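Chemist: Protein chains in written order, with my numbering: chain A, 15 to 242; chain B, 15 to 242. Cβ coordinates follow ideal geometry from the N, Cα and C atoms, glycine included. Just so you know, these numbers come straight off a predicted model, no measurement behind them. Submitted below is the structure of interest, expressed as structure tokens.
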DNA sequence: GGTCTTGAGATTGGATGCAATCGCCCGTAC
DNA sequence: GTACGGGCGATTGCATCCAATCTCAAGACC
């Protein structure tokens, strides 16, 4: 993942695009979300600093940022660990999502272009065709983000994104235990959602989405071994 | 103000309770919430550092924290300003609250002690007795927090608190334009909420609370001059 | 043999100094 | 008179260094 930009004469890995803190935070975030740092992993500032060719200072700020996002837990004078969730905590996050994602969808629907809606159907179809777990997660994320892409919100979109990120690890574990048939309902729900969006029926779309999230929450609760 | 660090082992002015970053963040947060730093105010790192007898480093981390909370806006290489909201953004935050605060209430109600519920009635009565604006805001905040005090959540309580904080300034401006009569509905809603909680009827309490927040949002929209 | 204490090592937290960047003002050309 | 460009001051961003704190393990005492 560590992209080495083709620097002409500078051996430094630092492309100096934006702030170093943001770059380190972004790198850590994607690493955590891709499962390279599983929950409970300790994160040492010095290691990350050396890994990114920066000092510990931007790393500390990045860790603060990730802590605010809920991806990392900081203990004063002790260290940082990748956040882990138990079933109850994951359940809570899903209940929050169940309430606010429909709202985000309502923000989005009036502003979605016809092209964007067409893209939704394509994404749903690709997932239905049967893909590997990691790609399924990726497509599922992109699908739902696409349904929200019309929303121009100050906070809501970001809040939803953070909730997704915090449960990403357990969604992966759950998906690993599924066969193709188990996803039948998911695909049906996705198509129902696309149809509701196509007809610009925000209320119906809210209902379908809330049910989708709610069902996923109940499914997760039926597999508590994931949280050991 | 400026503590002279020349003494090696002299008694530091700093009580050294927790991390300096948290202390600075807490101080800035309360200052912003109390209206000492109105929206749009520029925050210079050096000033804050000197003001708290610390270096700029903890100040930077505090600003990062407050940015994540939405109270401060940071622009790279430029500076930090106290966040300001327009009507649409404030409306969005209220719509989010309308969806998730009822959920938090449902988490709380089963675990509320009878003493805590009695305290609710007392707070509602004190507000009704007629108090100055700043005290009204304080009591209102304490009242609603008390209704949530039974909830043992990972994220939801903190999220709600942040949403309150971000709209605090505009709630104050709105309250300043009210006479005693205009608060009649507010008091009625508070008492309805207390009664629903007393009977441990979470569904009814959710309905009352959602209506309370929704009505407040509509009231704010009727006073757009607040956001100039 | 078990438990408390104490020390060294490791790791984080904070302060200072320097480099990079941005905004502003003034001078100049058109 | 106005618009553009260069330089200067101010402020932020990052690296290095030092202090404070925690962890962990070995040893002494009960």
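Answer yes or no: do residue 97 of chain B and residue 88 of chain B have a C-beta to C-beta separation smaller than 8 angstroms?
Modeler: The residue you call residue 97 of chain B lines up with position 83 of the second chain. The residue you call residue 88 of chain B lines up with position 74 of the second chain. No, the pair does not count as a contact, with Cβ atoms beyond the cut-off.
Chemist: Decide yes or no for the touch test of the region 98 to 107 of chain A against the region 186 to 203 of chain A: beta carbon pairs closer than 8 angstroms, at least 3 of them.
Modeler: No contact exists between the region 98 to 107 of chain A and the region 186 to 203 of chain A.
Chemist: Can you tell me whether DSSP reads residue 94 of chain B as helix, strand or coil?
Modeler: For the purposes of this step, residue 94 of chain B is identified with residue 80 of the second chain, where counting begins at 1. Residue state, collapsed to three classes: strand.
Chemist: Would you say residue 119 of chain A lies against chain B (beta-carbon separation less than 8 angstroms)?
Modeler: As a first step, residue 119 of chain A must be located in the first chain, where it is residue number 105. So, not an interface residue.
Chemist: Using a beta-carbon distance below 8 angstroms, is residue 103 of chain A in contact with chain B?
Modeler: To locate residue 103 of chain A, count along the first chain from 1; it is residue 89. So, interface residue.
Chemist: Per the DSSP calculation, residue 86 of chain B is bridged to which residue(s)?
Modeler: As a first step, residue 86 of chain B is located in the second chain; it is residue number 72 there, counting from the start. DSSP lists B:96 as partners of residue 86 of chain B.
Chemist: Between the region 123 to 143 of chain A and the region 173 to 193 of chain A, do three or more beta carbon pairs fall short of 8 angstroms?
Modeler: Flag = no, the region 123 to 143 of chain A and the region 173 to 193 of chain A do not touch.
Chemist: Relative to the C-alpha of residue 131 of chain B, which candidate in B:228, B:212, B:49 and B:220 has its C-alpha closest?
Modeler: Mapped onto the second chain, residue 131 of chain B falls at position 117. Closest by alpha carbon: B:212.
Chemist: For residue 69 of chain B, collect the residues of the same chain with a Cβ closer than 7 angstroms to its Cβ; drop the 5 residues on either side in sequence, then sort them by chain order.
Modeler: Residue numbering aside, residue 69 of chain B sits at position 55 when the second chain is read from its first letter. Excluding residues within five positions, the ones whose Cβ falls inside 7 angstroms are 63.
Chemist: Taking the continuous alpha helix (DSSP H) assigned at residue 217 of chain A, which residues delimit it?
Modeler: On the first chain, position 203 is the one that residue 217 of chain A refers to. Residue 217 of chain A -> alpha helix (DSSP H) spans 216 to 235.
Chemist: Report yes if the CB atom of residue 157 of chain A is closer than 8 angstroms to the CB atom of residue 204 of chain A, and no otherwise.
Modeler: For this step, residue 157 of chain A is matched to residue 143 along the first chain. For this step, residue 204 of chain A is matched to residue 190 along the first chain. Yes, they are a contact pair.
Chemist: Ignoring anything shorter than 4 residues or poking outside the region 32 to 69 of chain A, list the alpha helix (DSSP H) runs there in chain order.
Modeler: With a minimum length of 4 residues, the continuous alpha helix (DSSP H) runs that stay inside the region 32 to 69 of chain A are 34 to 47 and 59 to 66.
Chemist: Just to confirm, are residue 219 of chain A and residue 119 of chain A a CB contact at a threshold of 8 angstroms?
Modeler: The sequence position of residue 219 of chain A within the first chain is 205, counting from 1. The sequence position of residue 119 of chain A within the first chain is 105, counting from 1. Cβ distance < 8 angstroms, so residue 219 of chain A and residue 119 of chain A count as in contact.
Chemist: Is the Cβ of residue 10 of chain B closer than 8 angstroms to any Cβ of chain A?
Modeler: In the structure as shown, chain B starts at 15 and stops at 242, and residue 10 of chain B therefore has no counterpart that could be examined.
Chemist: Taking all protein chains shown into account, do 16 or more other C-beta atoms lie within 10 angstroms of the C-beta of residue 149 of chain A, making it buried, or fewer, making it exposed?
Modeler: Residue 149 of chain A sits at position 135 when you count from the first residue of the first chain. By the neighbour-count rule (16 or more Cβ atoms within 10 Å), residue 149 of chain A is not buried but exposed.
Chemist: From which residue to which residue does the alpha helix (DSSP H) around residue 123 of chain B run?
Modeler: The residue you call residue 123 of chain B lines up with position 109 of the second chain. Taken as a continuous stretch (DSSP letters only), residue 123 of chain B belongs to no alpha helix (DSSP H), as it is neither H nor E.
Chemist: Consult DSSP for residue 191 of chain B and reduce its assignment to one of helix, strand or coil.
Modeler: Working through the second chain from its first residue, we reach residue 191 of chain B at position 177. Three-state result, residue 191 of chain B: coil.
Chemist: Beta-carbon of residue 84 of chain B versus every beta-carbon of chain A: anything under 8 angstroms?
Modeler: Locating residue 84 of chain B in the second chain gives position 70, where the first residue counts as 1. Yes, residue 84 of chain B lies at the interface with chain A (some Cβ there is under 8 angstroms from its Cβ).
Chemist: Can you tell me whether residue 238 of chain B is buried or exposed? The criterion is at least 16 other CB atoms within 10 Å of its CB, across all chains shown.
Modeler: Here residue 238 of chain B refers to the residue found at position 224 of the second chain. When all chains shown are included, residue 238 of chain B counts as exposed.
Chemist: Chain A beta carbons: is any one of them nearer than 8 angstroms to that of residue 90 of chain B?
Modeler: The sequence position of residue 90 of chain B within the second chain is 76, counting from 1. At least one chain A Cβ lies under 8 angstroms of residue 90 of chain B.
Chemist: Could you spell out the range, first to last residue, of the alpha helix (DSSP H) harbouring residue 155 of chain A?
Modeler: For the purposes of this step, residue 155 of chain A is taken as residue 141 along the first chain, with counting starting at 1. Residues 147 to 161.
Chemist: Using 10 angstroms around the beta-carbon of residue 122 of chain B, count the other beta-carbons present and answer buried if the total reaches 16, otherwise exposed.
Modeler: Residue numbering aside, residue 122 of chain B sits at position 108 when the second chain is read from its first letter. Buried, because 16 or more other Cβ atoms sit within 10 Å of the Cβ of residue 122 of chain B.
Chemist: By DSSP, does residue 198 of chain B sit in helix, in strand, or in coil?
Modeler: Start at 1 with the first residue of the second chain, and residue 198 of chain B comes out as number 184. Note: residue 198 of chain B maps to helix in three-state DSSP.
Chemist: Of the choices B:113, B:82, B:100 and B:124, whose alpha-carbon is the least far from that of residue 234 of chain B?
Modeler: Your numbering for residue 234 of chain B matches position 220 in the second chain. The candidate whose alpha carbon is nearest that of residue 234 of chain B is B:100.
Chemist: Using only the alpha-carbon positions, how far apart do residue 152 of chain B and residue 49 of chain A sit?
Modeler: Taking the second chain and counting its residues from 1, the one referred to as residue 152 of chain B is at position 138. Taking the first chain and counting its residues from 1, the one referred to as residue 49 of chain A is at position 35. For residue 152 of chain B and residue 49 of chain A, the distance between alpha carbons rounds to 44 angstroms.
Chemist: Over the uninterrupted alpha helix (DSSP H) stretch that includes residue 140 of chain A, give me the two end residues.
Modeler: Position 126 of the first chain, counted from the first residue, corresponds to residue 140 of chain A. It spans 128 to 142 - the alpha helix (DSSP H) in which residue 140 of chain A sits, taken as one unbroken run.
Chemist: Drop a sphere of 10 angstroms on the beta-carbon of residue 125 of chain A, count the other beta-carbons inside from all chains shown, and report buried for 16 or more, exposed for fewer.
Modeler: Here residue 125 of chain A corresponds to residue number 111 of the first chain, with the count starting at 1. Classification for residue 125 of chain A: exposed.
Chemist: For residue 20 of chain A, which residues in the same chain have their Cβ closer than 7 angstroms to its Cβ, ignoring the five residues on either side in sequence?
Modeler: Taking the first residue of the first chain as 1, we reach residue 20 of chain A at position 6. Residue placement at residue 20 of chain A is flagged as unreliable, the pLDDT there being 29, under the threshold of 50; a coordinate-derived value is accordingly withheld.
Chemist: Should residue 169 of chain B and residue 110 of chain A be called a contact, given that it needs their Cβ atoms to be closer than 8 angstroms?
Modeler: In the second chain, residue 169 of chain B corresponds to position 155, counting from 1. In the first chain, residue 110 of chain A corresponds to position 96, counting from 1. Yes, Cβ-Cβ distance for residue 169 of chain B and residue 110 of chain A is below 8 angstroms.
Chemist: Which residue's Cα is closest to the Cα of residue 207 of chain B: B:227, B:223 and B:127?
Modeler: One-based indexing of the second chain puts residue 207 of chain B at position 193. Here the closest residue by C-alpha is B:223.
Chemist: Do residue 94 of chain A and residue 46 of chain A have their C-beta atoms within less than 8 angstroms of each other?
Modeler: Within the first chain, numbered from 1, the residue matching residue 94 of chain A stands at position 80. Within the first chain, numbered from 1, the residue matching residue 46 of chain A stands at position 32. Taking 8 angstroms as the Cβ cut-off, residue 94 of chain A and residue 46 of chain A do not qualify as a contacting pair.
Chemist: Give the secondary structure of residue 165 of chain A by DSSP, where H, G and I count as helix, E and B as strand, and everything else as coil.
Modeler: For the purposes of this step, residue 165 of chain A is identified with residue 151 of the first chain, where counting begins at 1. Residue state, collapsed to three classes: coil.
Chemist: Is residue 239 of chain A helix, strand or coil when you go by DSSP?
Modeler: Sequence index remark: in the first chain, residue 239 of chain A carries index 225 (1-based). Here residue 239 of chain A sits in helix by DSSP.
Chemist: On the criterion of 16 or more Cβ atoms from any shown chain inside 10 Å, does residue 52 of chain A qualify as buried, or is it exposed?
Modeler: Translated into the one-based positions of the first chain, residue 52 of chain A becomes position 38. The residue is exposed, with fewer than 16 neighbouring Cβ atoms inside 10 Å.
Chemist: With 8 angstroms set as the bound, which would you pick, yes or no: does the beta-carbon of residue 109 of chain B sit closer than that to a beta-carbon of chain A?
Modeler: Taking the second chain and counting its residues from 1, the one referred to as residue 109 of chain B is at position 95. Output row for residue 109 of chain B: interface = yes.
Chemist: Between residue 165 of chain B and residue 133 of chain B, which are expected to be in contact by the criterion C-beta below 8 angstroms, what is the C-beta distance as a whole number of angstroms?
Modeler: As a first step, residue 165 of chain B must be located in the second chain, where it is residue number 151. As a first step, residue 133 of chain B must be located in the second chain, where it is residue number 119. Not a contact, Cβ separation roughly 16 angstroms.
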